[in-house]
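Participant: FYI, in this note's numbering the residues of the sequence shown are 19 to 1010.
Positions of the beta carbon are idealized from the N, C-alpha and C atoms, including for glycine.
Quick caveat, the model's predicted, so the values are computed rather than measured.
Shown below is the structure under consideration.
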Amino acid sequence: MVADDEAWERLDALNRLAVDQVVGVGTADDPHGSGFLVSEDTVLTCAHVVQNCEAVSVSVRGRTMDAEVVRRVPEHGGERDIYEFPDLAELRLCQPLEGGIGVWLGEKGPSQGGEVAVHGFSESTLQAGAQRDTMRLVVAGPAGQLVRLQGDQVVEGFSGAPVLDLRTGRVCGVLKASRDDQYPLGGWFIPVDAVRHHFPELAERNYRDHRPGTEWCDWALDRKRRQTALFGHFGSSGPRRAVSRVTPAQLLAQGTMPFQDRPELADLRAWCDDDPDYLLRLLHASGGSGKTRLAGELCREMHKHGWIAGFVDKRALGRPEWLVELIDALSAGIPVLVVFDYAQARLDDICAQLEHVYQYGPEGMRLRLLLLARSDEPLWQALKRRVDDWALAGASVVQLPRTIANSSLASRAFKVFADRLGCGWLAAPESLDARAEEQDSLLGVLALALDAVLALEQGGTWAEAGDPLERICDHEIRGWHALLAARLPGETALSGESGERVSEGLLLVPTLVPRLPRTDLTDVLNRVYSAAFPGRQALNTFGVQTSLQMLYPAGGDQVAPLEPDRIGEILVRRVLSTPESSGHTNAYLAALLQTRHHASEARIAAAAETVEVLARARGCTGVGRVEAHPAHQALDAALDHAVAEHPEVLLPALVITGGVLPHAEPLADLMLPVLEVCEPSLLASVENRLPDYPSSLSPVAVVVLGRLLDLPSAQFTEEDQLLRLRRLSRYSLRLDDTGRNHMALEAARQAVTLSRDLVRQSGRHMAEYAAALNNLSLLLHRAGETGPALEQSRLAVDLYEQLLAQAERESLPRQRHLLDAAAALSTLALLRLKDGQVHAAAREAARGVLLCEQASPGARQDDTMLDCLEVLAECRQRTGLIKAAVVSGEESVALLRELAERQPGRYLARLPETLHRHARGLIRTGQDRQAYIAFRESANLRKGLPGRDPARLAAQRQSLRALAELCCDLSEFSHERASWLEQLESLDDHGG
């Protein structure tokens, strides 16, 4: 019935549009026939209708206007009674008709047996004179150059009327009514092919006027139905819930706050409108940055401009008809924007769509694929491995800023939330906007504003300290209890205080195993309840699942995780520190980690999603970090048990998580005992996921790589030697990370010897030899052996320069050598600085920056550029180029901020020291205020780093002293001086 209603709605709209474009040629007293608009000032009719006329009157939309006969084809009708083919005429209105873009001409005539509608004027109605009239006929087939119609009586006056093909929704010809009395029913029409042949410029202009987004085109192409079939309706969420039913998290997550315009929207619109037929973009940012809201706004914008746009439901690609519908829409010429949210968990779906489009997509299709994820890696590398080159041609990776530049956003959000909660009389605290500047995400700002409303609404005062989401988590839990009491009043298993605690453990499930279909989530709830709470009364898990879906609806029948992320982290700690909520904690976690996937990679990916939430709750995060909590012991024990039970899944999942999150030392502690004794095959699966940079997992890398290097090799082939070389180089760096400098140097020297032997044996692998030399020079420098380090570094740079020269001579790719040479120059500059060769160091650093600028953008280029800029800034300070040093420092700080947002586990610990060095340069140029801000950020960031490294504590003391001194000269910050002195005293008291 719905499909029938939609079909009738489409036909009704098309007929209404056709009627609106029909023109009566002649006057009421002297009607000649019919015609129709093909543009705002042009009418098409039959030549015989305006035979022997140079100008005629036309009636259109209740108006009478003059029109000039521009052209008749043929000019004269011939000797026969019937005007010769094609019998077409073009009329020009005396003035353009506002809003009259005309009918949409078809590409070809209708199929035999197809139904058509004809709208025109005749004197055969029950009213006197020429009146609007309609016919519905069937195409009999070709009749010479014309097409024969049958099924209705074609009467005088319809000549020149548009013939509407009811299948395509486009005008397929011009009616040519016969005056032959032998044929009382039916008639003939001139096919649209003749119009296109004899009036090509008019047809082209008509085509340009009817693009997706224009009314006739949209109805003809059935865009509304296609939009619904692929992505659902816009604005179809139904009536807004009553205030009492809306939870605080929903106020944050479901668009209560109007969309705040941001420059990234214009950039995405331009990306959609760009020339290539197909483009892919990965838009990534941490949770709470507004990715989903921004993509939703983009979908609305592009839908207004004629696109089909929306988010792909998780189940859509499991239905073959969805992919068929997508190809049909593209084949119809409609541009399509496809958005994948949580793209890191939907790699299979993305690849399936790309493969289908490649096989069946039409030429010239207009398709944009937007992937939303929390980080670019490892998703981007996985895409490169899984899809063909065409799919990533012109692709882009863009990081979304976590916040938007709007100093009054928090106050505006406060007003919106207060109105929504029925307490619009509340006034925002004066310090709200200043407090909001400390938030690290857009959602964090909104959460802060909402928390202020909730606090004031209850008559209390707004707490200036603490995580504002703690209060929102309380609200979520109370709302959950109330909903269960209302929907499942007789559920004994959830009644009383004990039952409420159990329900909190169940509330957490969709956050730990997100985006499950209804039946899968019900199965997980059953499994968790049975395993963690044995002996309790039977539970209506279907009722729990439907309650979760009511409270946190997501696409389709799924349940959304708690948002923002920190609410989920808070609830993890509450549940795991409350035995009544988690039951048997080991069993609770084991049931969550048990996956329906059979493929090992899918099992690991699913486990990594769960482990990431648990790890952030454990303190592996830079935002809202809780370093010590009663839940940590229970969580460690449960994860330890899970690792012992399924190391093949949990160890890779822990490495994936530890590689992207900061402060991941607790994860390393869990892995080390197992990795020291596990099978070598497991070591290999972990090795491929280890980060190639200093991180919390460096001790893990030392164990894994050390054990793999100790394995005997049956055949020491060239490939085996290269593998050993790569492992030795990584092993040496990770040993150095963990303070084992002598072992690191020994491994680095072995790598140099092995790489040198490879070059001598094969004449190849000079790049590997240069890399080993550069690695050794860096470690020698860290060990204080500046002379030998300089020697090795100069050799490495010389080799890289030779490789660059060879690549240029032989027209070989230079990308890898450019960045390798830049990294080696950065090391050499650092060593020259240490040796007092400051001017030579400045030249080497500047050369390194130049090589980086020549390289293609990417993660490696960013990393190398950062090293070169930091060294260059130091060189310029030491050579007295203070202003130039500040410029380089600003560039390095900006780049490092971006990288720390993208990969906090890799870069966050570097940011305090880079800011500290930059602040020193700012002081030397007299920019005390900017220096104070940089010192303050450096001190605050350093305070959040784990451990008590002596060098870091010494730098912290320097920052605190500088801040205390600058406060004396900067009145706007004088109130902060007591805090810096207190922190400095605390460091001294603890031997810092």
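Going by other Cβ atoms of all chains shown within 10 Å of its Cβ, with 16 needed for buried, is F277 buried or exposed?
Facilitator: F277 is exposed by the Cβ-count criterion.
Participant: Alpha carbon to alpha carbon, how far is T63 from I345?
Facilitator: If you draw a straight line from the Cα of T63 to the Cα of I345, it comes to about 36 Å.
Participant: Within the same chain, show all residues whose beta-carbon is closer than 7 Å to that of F1016, passing over the 5 residues directly before and after it, in chain order.
Facilitator: Because the chain in this structure spans residues 19 to 1010, residue 1016 falls outside the shown range and cannot be described.
Participant: Quick test of the definition: if touching needs 3 or more C-beta pairs under 8 Å, does the segment 56-74 touch the segment 104-114?
Facilitator: Contact between the segment 56-74 and the segment 104-114 is present, because at least three Cβ pairs lie under 8 Å.
Participant: What whole-angstrom Cβ distance do V121 and Q245 have, given they're in contact under 8 Å?
Facilitator: Going by Cβ atoms, the distance from V121 to Q245 rounds to 23 Å, so no, they are not a contact pair.
Participant: So which of G314, R241, V667 has the shortest CA-CA distance to E24?
Facilitator: R241
Participant: With DSSP run on the structure shown, which of helix, strand or coil describes K961?
Facilitator: DSSP places K961 in helix when its eight states are reduced to three.
Participant: Of all the options E343, Q377, K126, L632, which has the alpha carbon lying nearest to the alpha carbon of L607?
Facilitator: L632
Participant: Among the candidates P552, S565, P532, whose CA atom is the shortest distance from the CA of P579?
Facilitator: P579 has its Cα closest to that of P532, out of P552, S565, P532.
Participant: Is it the case that the segment 388-406 contacts the segment 856-864, given that we only count it when at least three CB pairs across the two stretches are under 8 Å?
Facilitator: no
Participant: Using the C-alpha atoms, what's the distance from T310 back to A391?
Facilitator: Looking at the two C-alpha atoms, the distance is approximately 10 Å.
Participant: How far does the alpha helix (DSSP H) with M689 in it reach, from first residue to last?
Facilitator: 683-693
Participant: Going by the DSSP bridge assignment, what does P180 pair with across the sheet?
Facilitator: Paired residue(s): V192.
Participant: Just grab the DSSP bridge partners of F329 for me.
Facilitator: V357
Participant: Excluding the five sequence neighbours on either side, which residues of its own chain have a C-beta within less than 8 Å of the C-beta of R894, listed in chain order?
Facilitator: A860, I900, A902, A903, S906
Participant: Are the CB atoms of L427 and A454 within a distance shorter than 9 Å?
Facilitator: yes
Participant: Please classify E826: does DSSP put it in a helix, a strand, or coil?
Facilitator: helix
Participant: Do L914 and R896 have their CB atoms nearer than 9 Å?
Facilitator: Not closer than 9 Å, so no.
Participant: Who are the near neighbours of D451 in its chain, counting only those whose CB is closer than 7 Å to its CB and skipping five residues on each side?
Facilitator: If we look at D451 and ignore the five residues flanking it on each side, its Cβ neighbours are S425, S426, A428, S429.
Participant: What is the DSSP secondary structure of F249, reduced to helix, strand or coil?
Facilitator: In the structure shown, F249 sits in a helix (DSSP, three-state: H, G or I).
Participant: With 16 as the cutoff for other CB atoms within 10 Å, does V165 come out buried or exposed?
Facilitator: buried
Participant: Rounded to a whole number of angstroms, what is the C-alpha to C-alpha distance between L239 and T186?
Facilitator: Taking the straight line from one Cα to the other gives about 7 Å.
Participant: Short of 8 Å in beta carbon distance, which residues of its chain neighbour E72, apart from the five on each side in sequence? Order them along the chain.
Facilitator: Closer than 8 Å at the Cβ level, and outside the excluded window around E72, lie E86, V87.
Participant: Quick one: is A151 buried, meaning 16 or more other Cβ sit within 10 Å of its Cβ, or exposed?
Facilitator: The sequence as given places Asp at residue 151; Ala does not occur at that position. Its Cβ being crowded by 16 or more others within 10 Å, D151 is buried.
Participant: Please state the DSSP three-state secondary structure of Q833.
Facilitator: Helix.
Participant: Going by DSSP in three states, Q476 sits in which element: helix, strand or coil?
Facilitator: Any reading at Q476 needs caution, since the residue's pLDDT is 48, under 50, leaving its predicted position unreliable; the model's value is listed next. Assignment of Q476 by DSSP, reduced to helix, strand and coil, places it in the coil class.
Participant: Rounded to the nearest angstrom, what separates R263 and G497 at their Cα positions?
Facilitator: No answer about R263 holds up, because its pLDDT of 43 lies below 50 and its placement is not dependable.
Participant: Would you list the one or two residues that DSSP bridges to S414?
Facilitator: Looking at the DSSP output, S414 bridges to R299.
Participant: What residue range does the alpha helix (DSSP H) around R865 cover?
Facilitator: 856-872
Participant: Using only CA atoms, which one of L501, A556, S599, D293 lies nearest to S565?
Facilitator: The option with the nearest alpha carbon to S565 is L501.
Participant: Do G308 and R280 come within 9 Å of each other at the CB atom, strictly closer than that value?
Facilitator: If you check the CB distance, R280 and G308 come in under 9 Å.
Participant: Anyone know if the C-beta pair for L817 and A785 falls short of 9 Å?
Facilitator: yes
Participant: Assuming R745 is part of the alpha helix (DSSP H), what are its boundary residues?
Facilitator: 736-755
Participant: Between which residues of its own chain and A327 is the CB-CB distance below 6 Å, once the five residues before and five after are set aside?
Facilitator: Cβ-Cβ distances below 6 Å link A327 to C317, M320, H321, L355 in the same chain, with the five nearest sequence neighbours on each side left out; the list follows chain order.
Participant: Just the C-alpha distance for L797 and N958, rounded to the nearest angstrom, thanks.
Facilitator: For L797 and N958, the gap between their C-alpha atoms comes out near 30 Å.
Participant: Please determine, among G95, G677, L688, the residue with the shortest C-alpha to C-alpha distance to P665.
Facilitator: Selected option, being the one with the closest Cα: L688.
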